[in-house]
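Have a look at the structure below, then the notes.
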Amino acid sequence: MLASSPAGDAPRRLAAAALALMLVAGDAAAASAGSPATAPETAAELRARAVNLAYNLDYEESLGHLRRAIELTPDDPAPHNTLATVLWLQLLFRRGAVTVDHYLGSFSRARVDLKEPPAALDAEFRRHAERAQKLAERRLAASPADVQARYDLGVALGLQASYTATVEGRMMAGVRAARRSFDLHETVLSQDPARADAGVIVGMYRYIISTLSLPMRAMAYLVGFAGGREQGIDLLRAAAASSTESRSDALFGLVLIYNREERYDEAMAVLGELRKLYPRNRLLVLEAGATALRAGRAQEAELLLTDGMNFLQRDSRPRTPGELALWHYKRGAARALAGNTDAAVSDLRLAVAP
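With positions in the sequence shown counted from 1, the corresponding number in my numbering is that position plus 50.
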C-alpha cells in the first residue's frame with residue numbers, strides 16, 4: 051500500500067520518520083501472504099487470510115476474520131496487534147496517506163495538524179492496541195526469556211507510536227514507545243539471530259535515524275536509538291528474503307528506502323514481488339508507475355499508469371481520497387516527460403478539476 055496528491059485538500063505530507071513508525075508497526079504482515087485453499091478455521095488461519103485481504107485493500111473483510119480470530123484466542127496478543135494494525139491502515143487509506151510520496155519529506159516538525167479520526171474506529175484501535183500490549187507484558191513478566199512475548203510487545207509499542215505520529219499528527223509524542231519497541235526487537239535479535247522479522251523495526255529505525263540532520267541524530271542517540279544506513283537496509287533485506295511473518299513489511303520498507311536512495315531498479319523489482327503477492331492492490335500499480343516516473347522512464351510509467359487506471363475503472367471498491375486525480379496527475383507527468391504535450395495537458399486538467 052503504499053505517489054504526492056495534486057489535490058489541495060489532500061492530507062499534509064508526513065515526515066519520513068513517520069513512515070518508519072508506520073512500517074515498524076510491522077505486525078500488519080503478521081502472517082503468510084498466500085490465501086488458504088479452504089475456508090480458514092483456526093485463529094492462525096483466520097489471521098493469515100486477514101493479512102492477505104488487508105494488503106489487497108479488502109479492509110472490512112479482513113477485520114471480520116480478525117474479530118473471529120480474537121474470539122477463538124482472546125488472550126493471544128498477536129490477533130489484537132493485527133486487528134489494530136488493519137484499523138490503522140484503513141484510517142490511512144481513508145485519508146489518502148498511502149503512497150511513497152507522502153513519506154519522502156524530512157523530519158522537521160514536532161506536530162502536524164490532522165483531522166480527528168472517526169471515533170468508533172479510534173476507540174476500537176485503542177482497545178485492541180492496549181489489549182495486545184497488556185497481554186504481551188503479562189507473558190513477558192511471567193517468562194522473561196520468552197522471545198515471542200518480547201516480539202509481540204515490541205510490535206504493540208511500535209504500532210502505538212505509529213498511530214500517534216500518522217493519525218494524531220503528534221510526531222514526537224510517540225518517541226518513548228518507539229524507543230522501547232526498538233530496544234525490545236534489538237533484544238529479540240540478540241536472543242535469536244534467526245528472528246529476521248525483528249529486523250524490520252530495528253532496520254527501519256536505523257535507516258531513518260541515519261538520514262536525519264546531525265542535531266536530530268544526536269537527539270535520537272541521546273534517547274536510545276541507533277543509526278546505520280547500510281546496516282538498516284541489510285536487516286530489511288534479510289527480512290524480505292526470509293519466510294517470516296514480516297516479509298511483506300520489509301518489502302514495503304524497501305520500496306520507500308530504494309526510492310529515497312534513487313535505487314529505482316531495485317524498487318521496481320520489489321514492487322514486482324509485492325504485485326504478485328497482492329494482485330488486488332491497485333495502489334501497487336500506481337506506485338510502480340510513480341517509481342518509473344522518478345527514474346525518468348516516461349514510456350514505462352505511462353503504460354503502468356494506464357493499466358492501473360483501467361484497473362481502477364473496473365474496481366468497485368472504495369477509493370482513497372483524490373485517488374483518480376492522483377492517477378491523472380502521475381500519468382500527465384509521465385506524458386509531459388515523454389513530450390506528449392496534448393495528452394499530458396488533458397490528464398493534468400482532469401487532475402485539478404473540482
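Just so it is clear, CB atoms sit at the ideal spot from N, CA and C, and this is done for glycine as well. Note that the coordinates shown come from a computational prediction; the quantities given were computed from them, not determined experimentally.
- Nearest C-alpha to residue 111 among 124, 137, 127: 137.
- For residue 302, the enclosing alpha helix (DSSP H) starts and ends at 297 to 310.
- In the same chain as residue 109, and ignoring 5 residues on each side of it, the C-beta atoms closer than 8 Å to its own belong to 103, 136, 139, 140, 143, in chain order.
- Taking a cut-off of 8 Å for Cβ pairs, the segment 183 to 194 and the segment 111 to 130 touch, as three or more such pairs fall below it.
- Fewer than three Cβ pairs drawn from the segment 213 to 220 and the segment 263 to 279 lie within less than 8 Å of each other, which leaves the two stretches out of contact.
- When the beta-carbon positions are compared, residue 393 and residue 399 stay at least 8 Å from each other.
- In the DSSP assignment, residue 182 falls within the unbroken alpha helix (DSSP H) covering 169 to 192.
- By the Cβ neighbour-count rule, residue 272 is exposed, with fewer than 16 other Cβ atoms within 10 Å of its own.
- Contact check between the segment 330 to 344 and the segment 311 to 321: three or more CB pairs, one atom from each, fall below 8 Å, which counts as touching.
- Apart from the 5 residues on each side of it in sequence, residue 225 sits with its Cβ closer than 8 Å to the Cβ of 211, 273 in its chain, given in chain order.
- In this structure, 300 is the residue among 228, 351, 295, 300 with its C-alpha nearest to the C-alpha of residue 287.
- Boundaries for residue 107: no alpha helix (DSSP H) harbours it, and the DSSP string shows neither H nor E there.
- Per DSSP, reduced to three states, the secondary structure at residue 144 is helical.
- Cβ contact annotation for residue 96 (same chain, cutoff 6 Å, sequence separation greater than five): 90, 115, 118, 119, in chain order.
- Nearest Cα to residue 122 within the set 92, 132, 147: 92.
- Under the DSSP definition of a beta bridge, residue 99 lacks any partner.
- Comparing alpha-carbon positions, the option among 402, 277, 169 lying closest to residue 263 turns out to be 277.
- One thing to note: residue 331 has its Cβ within 8 Å of the Cβ of residue 107.
- The three-state reading of DSSP puts residue 262 in coil, since its state is none of H, G, I, E or B.
- A residue is called buried once 16 or more other Cβ atoms fall within 10 Å of its Cβ, and residue 380 is buried on that count.
- Annotated three-state conformation of residue 278 is coil, per DSSP.
- Taking the Cα of residue 253 as reference, the smallest distance to any Cα among 396, 199, 289 is reached at 289.
- The distance from the Cβ of residue 105 to that of residue 328 is about 5 Å, consistent with a contact at the 8 Å cut-off.
- Residue state for residue 325 is assigned as helix, using DSSP reduced to three classes.
- Taking C-beta separations shorter than 8 Å and ignoring five residues to either side along the sequence, the partners of residue 354 in its chain run 335, 338, 339, 342, following chain order.
- Leaving aside the five residues that flank residue 165 on each side, the residues in its chain whose CB is nearer than 8 Å to its CB run, in chain order, 145.
- Nearest in C-alpha terms to residue 302, of all of 132, 150, 94, 131, is 150.
- Bounds of any alpha helix (DSSP H) do not take in residue 166, whose DSSP letter is neither H nor E.
- Here residue 233 carries a helix assignment [DSSP, helix/strand/coil].
- Here residue 402 is exposed: its Cβ has fewer than 16 other Cβ atoms, across all protein chains shown, within 10 Å.
- Boundaries of the alpha helix (DSSP H) harbouring residue 351: 348 to 364, taken from the DSSP string.
- When secondary structure is reduced to three states using DSSP, residue 119 falls in the helix class.
- By alpha-carbon distance to residue 205, the top candidate from 279, 173, 238, 192 is 238.
- From the listed residues 345, 369, 284, the smallest Cα separation to residue 313 is found for 345.
- Of the other Cβ atoms in all chains shown, 16 or more fall within 10 Å of the Cβ of residue 167; this residue is therefore buried.
- Taking the Cα of residue 285 as reference, the smallest distance to any Cα among 249, 235, 100 is reached at 249.
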